[in-house]
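In the numbering used here, the protein residues as written are 1129 to 1516. A short write-up of the structure that comes next.
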């Protein structure tokens, strides 16, 4: 079998099982999600729980398109945003196993011949591991006013996506946030650099690698690149009227085509998916079954995100909550205009939970506790079921 592919046995054990209509867990999951829908008024949502045996139970509530009255279903995909960083990190670890790179390599070893590389903050000292763990000291271009202005202009005019090297230009000649390897600051910019490294050392496109090494072997048929505005079946996303990108509250036209090009996300996230696929992916990932070679020690080798929170770490594309009342928790969140996603794995209980919402209203500006409250409620349901 090709190295990096999941064994037939593992793939079978992790297959996405369709929920049984009379399953009491599915009923409780739907009722829980419906309660949050009633309390918070978001357009629609999906949720999934992957049990220890690989069975995935799903539920959906509300509408995928308010104006058309189209219902949300468990098969409705949404933009998964930064949860896609888990695929980026695993691709890097896979290439490391194949001897094409090392986490200790300086990024300059692979990209130093690019004419723009020497203008990046910390360009001479950043390592691949620094990028994986957000320890590079690079600013995050997504939150720079100059980038938001340009992105807003392109969204308003229907312009092309901002490509990775074009996005990197927004941080050129900037001061580093800290010396590489000495701190932590979340940055999509660093993950765009990882994408360029991946394609440089492999000679293949990032999306092709993910498709052949992860999506196909694991049967994640509802996960695909979000590389164009026209994404079939995508739920319509909704944003606040005062969003920083100047988008209208409905982010798609009447046919469901996005009013902006999500290809700009690329290795910062760059996938559409369903809650069912996200839960199945998290179950495989944190069970150590995403590739054949051992990798969990590298995946979970994290650095503190803050001196004030030593138990919260960031590993290779993974947020790590090392000591919670429910034991270690691994996962990632995702936000992109109009969509919010969450993936959480509860290691001591062998369950994985995911949800997606097609609105970021009140979430993007932290004016609601919807995301942490729903994460906590789903965890309680999943862990309680696992203990029965």
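Glycine is no exception: its CB is placed at the ideal position from the N, C-alpha and C atoms. None of the values given here were measured: they were computed from a predicted structure.
Check your understanding: Could you give the distance in angstroms between the alpha-carbon of residue 1181 and the alpha-carbon of residue 1459?
Key -> Translated into the one-based positions of the chain shown, residue 1181 becomes position 53. Translated into the one-based positions of the chain shown, residue 1459 becomes position 331. As the crow flies, the alpha-carbon of residue 1181 is around 19 Å from that of residue 1459.
* Proximity winner among 1443, 1420 and 1378, relative to residue 1430 (alpha-carbon distances) -> Along the chain shown, read from residue 1 onward, the residue named residue 1430 stands at position 302. Each of 1443, 1420 and 1378 was checked against the Cα of residue 1430, and the nearest Cα belongs to 1443.
What does the Cβ neighbour count give for residue 1388, buried or exposed, with the cut at 16 atoms within 10 Å? Residue mapping note: residue 1388 aligns to position 260 of the chain shown, counting from 1. Burial call: buried.
### Query
Using a Cβ-Cβ cut-off of 8 Å (strictly less than) and excluding sequence neighbours within five positions of residue 1255, which residues of its own chain qualify?
Against the chain shown, residue 1255 aligns to sequence position 127. The residues are 1231, 1232, 1233, 1234, 1235, 1308 and 1309.
| Using DSSP with H/G/I as helix, E/B as strand and the rest coil, what is residue 1401? | Taking the chain shown and counting its residues from 1, one reaches residue 1401 at position 273. In the structure shown, residue 1401 adopts extended strand secondary structure according to DSSP, grouped into three states.
### Query
Around the C-beta of residue 1268, are 16 or more other C-beta atoms found within 10 angstroms, so that it is buried, or is it exposed?
As a position in the chain shown, residue 1268 is number 140, starting the count at 1. Counting C-beta atoms within 10 angstroms of its own C-beta, residue 1268 has 16 or more neighbours from the protein chains shown and is therefore classed as buried.
Q: Go through the segment 1190-1258 residue by residue and report every complete run of the alpha helix (DSSP H) that reaches 4 residues or more, in order.
A: Qualifying alpha helix (DSSP H) stretches, in chain order: 1213-1225 and 1236-1239.
_Contact between the segment 1432-1442 and the segment 1507-1514 is defined here as three or more beta-carbon pairs at a separation below 8 Å; is this criterion met?_
With a cut-off of 8 Å, the segment 1507-1514 and the segment 1432-1442 do not count as touching, because too few Cβ pairs lie within range.
Residue 1166 to residue 1368 span [Cα, whole Å] | Reading the chain shown from its first residue, position 38 is the one you call residue 1166. Reading the chain shown from its first residue, position 240 is the one you call residue 1368. Rounded to the nearest angstrom, the two C-alpha atoms are 19 Å apart.
What would DSSP say about residue 1502, mapped onto helix, strand or coil? Mapped onto the chain shown, residue 1502 falls at position 374. Three-state DSSP puts residue 1502 in a helix.
Next on the checklist: By the three-class DSSP mapping on this structure, what secondary structure does residue 1345 have?
Outcome noted: In the chain shown, the residue the question calls residue 1345 occupies position 217. Residue 1345 falls in the helix class under three-state DSSP.
Practice problem: Report the option in 1286, 1272 and 1172 whose CA atom is closest to the CA atom of residue 1316. | Solution: Position 188 of the chain shown, counted from the first residue, corresponds to residue 1316. It is 1272.
For this session: Taking only the alpha-carbon atoms, compute the straight-line gap between residue 1243 and residue 1337 and give it to the nearest angstrom.
Result: The sequence position of residue 1243 within the chain shown is 115, counting from 1. The sequence position of residue 1337 within the chain shown is 209, counting from 1. If I take the Cα positions, the gap works out to 26 Å.
### Task
Determine the closest residue to residue 1227 out of 1421, 1194, 1386 and 1203, with distance taken between C-alpha atoms.
As a first step, residue 1227 must be located in the chain shown, where it is residue number 99. Distances from the alpha-carbon of residue 1227 to those of 1421, 1194, 1386 and 1203 put 1421 closest.
In three-state terms, what does DSSP make of residue 1394?
Walking along the chain shown from the start, residue 1394 turns up at place 266. Secondary structure at residue 1394: helix, using DSSP grouped into helix, strand and coil.
- prompt: How long is the line joining the alpha carbons of residue 1306 and residue 1360, rounded to whole angstroms?
  reply: Your numbering for residue 1306 matches position 178 in the chain shown. Your numbering for residue 1360 matches position 232 in the chain shown. Taking the straight line joining both Cα atoms gives about 42 Å.
**Prompt:** By Cβ distance below 7 Å, which residues in the same chain neighbour residue 1327 in space, the five residues on each side in sequence not counted?
**Reply:** For the purposes of this step, residue 1327 is identified with residue 199 of the chain shown, where counting begins at 1. Within its own chain, the residues whose Cβ lies closer than 7 Å to the Cβ of residue 1327, once the five positions on either side in sequence are excluded, are 1333 and 1334, listed in chain order.
Practice prompt. Indicate whether the contact test is met: 3 or more Cβ pairs, each with one atom in the segment 1343-1358 and one in the segment 1244-1252, closer than 8 Å.
Written response: Judged by Cβ distances under 8 Å, the segment 1343-1358 makes no contact with the segment 1244-1252, as fewer than three pairs qualify.
Please classify residue 1279: is it buried, with 16 or more other beta-carbons within 10 angstroms of its beta-carbon, or exposed? Here the question's residue 1279 lines up with position 151 in the chain shown. Result: buried.
Margin query: residue 1365 and residue 1466 - do their beta-carbons sit closer together than 8 Å?
Written below: Here residue 1466 corresponds to residue number 338 of the chain shown, with the count starting at 1. Here residue 1365 corresponds to residue number 237 of the chain shown, with the count starting at 1. One thing to note: residue 1466 has its Cβ within 8 Å of the Cβ of residue 1365.
Discussion item. Classify residue 1573: buried if its beta carbon has 16 or more other beta carbons within 10 angstroms, exposed otherwise.
Written reply: Shown here, the chain extends from 1129 to 1516; a query on residue 1573 therefore has no answer.
Limits of the beta strand (DSSP E) - the one that residue 1479 falls within
The residue given as residue 1479 occupies position 351 in the chain shown. Counting along the chain, the beta strand (DSSP E) containing residue 1479 begins and ends at 1479-1485.
- So who's on the other strand from residue 1447, going by DSSP bridges? Looking up residue 1447 in the chain shown gives position 319. Paired residues: 1442 and 1459.
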